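For reference, the structure is listed below as structure tokens.
Residue numbers (the working numbering): 121 to 408.
Here it is in structure tokens:
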């Protein structure tokens with residue numbers, strides 16, 4: 121991609137996603153994602169209804185009158201965007217590929233984080249960690265991240281979500297909010313997800329295409345696995361073939377949903393031809 125085309129693309133994404141962050145998500149994001157804890161603010165006289173557990177006994181003894189400690193929520197967060205860059209993200213049958221939706225959603229979250237004075241970092245992963253951008257603040261940092269979303273080319277095409285989650289657990293020492301954005305076409309990552317969510321606040325954003333849910337009847341077609349490169353022939357005019365595929369999708373999707381629920385991970389699914397704005401707002405409101 122030429123430099124002028126890249127700058128234009130970055131600017132287009134910035135204008136759209138920054139506007140969404142400022143006008144739609146600002147309040148919901150701030151309310152939905154809490155700070156790391158509470159910090160001491162001041163001591164004041166006890167008032168009726170105050171929590172007696174916050175009484176400062178030293179000050180109370182000194183003035184012979186009850187005083188309580190006042191705490192404020194520590195708002196600053198560290199946010200990690202875990203971006204699936206495996207081959208399957210290049211699929212799409214509507215106006216956008218999965219990777220386009222992933223890029224826009226990630227940019228919206230990045231701008232929302234910056235507006236909330238949070239640090240933002242990125243982990244690109246396939247079946248291994250492709251690239252790590254350490255968390256920082258500022259518009260310049262955000263634009264660097266968006267450029268990476270657009271231009272980054274992974275070395276590998278398969279998926280290993282477990283490997284990405286293990287990296288998150290081991291590499292990020294302080295508690296953070298981690299958005300893992302993927303189609304979750306993978307298995308055997310339950311243990312890694314459970315451990316990661318115990319240390320961090322993990323949120324799953326599943327992106328999929330409508331054509332992944334069912335196959336139309338269009339005769340004999342040649343299919344390519346985007347991650348392995350293998351080709352398969354399928355007779356889509358055969359009703360049994362179509363029904364078997366639809367059944368596989370439903371069962372796989374339901375298994376993933378149950379896994380998120382079991383691990384206590386907030387999640388939302390976004391189809392490439394649907395409005396991801398509504399999906400994100402719905403997710404934020406569930407957390408408030």
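Note that the Cβ used here is the ideal one computed from N, Cα and C, for glycine as well.
The structure displayed is predicted, hence computed values, not measured ones.
- The continuous stretches of alpha helix (DSSP H) do not include residue 185, and DSSP gives it neither H nor E.
- Annotated three-state conformation of residue 298 is strand, per DSSP.
- Counting along the chain, no alpha helix (DSSP H) covers residue 249; the unbroken beta strand (DSSP E) around it starts and ends at 249-256.
- Rounded to whole angstroms, residue 392 and residue 305 show a C-alpha spacing of 15 Å.
- For residue 228, the uninterrupted alpha helix (DSSP H) segment begins and ends at 218-235.
- Of all C-beta pairs linking the segment 213-222 to the segment 246-255, fewer than three are shorter than 8 Å, placing the two stretches out of contact.
- Scanning 400, 407, 406 for the CA closest to the CA of residue 141 turns up 400.
- Distance from the CA of residue 188 to the CA of residue 408, rounded to the nearest whole angstrom, comes to 27 Å.
- Around the C-beta of residue 320, 16 or more other C-beta atoms lie within 10 Å, and the residue is accordingly described as buried.
- The segment 314-334 and the segment 375-393 touch, with no fewer than 3 CB-CB distances between them shorter than 8 Å.
- Contact check for residue 151 and residue 347: beta-carbon distance about 38 Å, past the 8 Å limit, so the pair fails to qualify.
- If you compare the alpha carbons of 186, 249, 381 with that of residue 322, the shortest gap goes to 381.
- Using a Cβ distance threshold of 8 Å, residue 208 and residue 303 count as a contacting pair.
- Put simply, the backbone Cα of residue 374 is about 35 Å away from that of residue 262.
- Between the segment 268-280 and the segment 328-347 there are three or more C-beta pairs closer than 8 Å, enough to call the two in contact.
- Between residue 289 and residue 249, the C-beta spacing is not below 8 Å.
- In the structure shown, residue 286 adopts helical secondary structure according to DSSP, grouped into three states.
- In this structure, residue 366 keeps its C-beta atom at 8 Å or more from the C-beta atom of residue 339.
- Annotation: residue 327 is outside any alpha helix (DSSP H); the continuous beta strand (DSSP E) that includes it extends over 321-328.
- Collapsing the DSSP output to three states places residue 164 in a strand.
- Taking residue 174 as the centre and dropping the five residues before and after it, the same chain places the C-beta of 188, 189 closer than 7 Å to its C-beta, in chain order.
- Runs of the beta strand (DSSP E) lying entirely within the segment 311-388, each at least 3 residues long, are 321-328, 340-344, 351-355 in chain order.
- The alpha-carbon separation between residue 179 and residue 186 amounts to approximately 8 Å.
- Here the alpha carbons of residue 298 and residue 232 stand approximately 14 Å from one another.
- The DSSP-derived three-state label of residue 133 is helix.
- DSSP, reduced to helix, strand and coil, places residue 272 outside both helices and strands of the structure shown, so it counts as coil.
- In this model, residue 227 and residue 134 are separated by some 8 Å (Cα to Cα).
- Judged by their CB atoms, residue 245 and residue 210 are not nearer to each other than the 8 Å cut-off.
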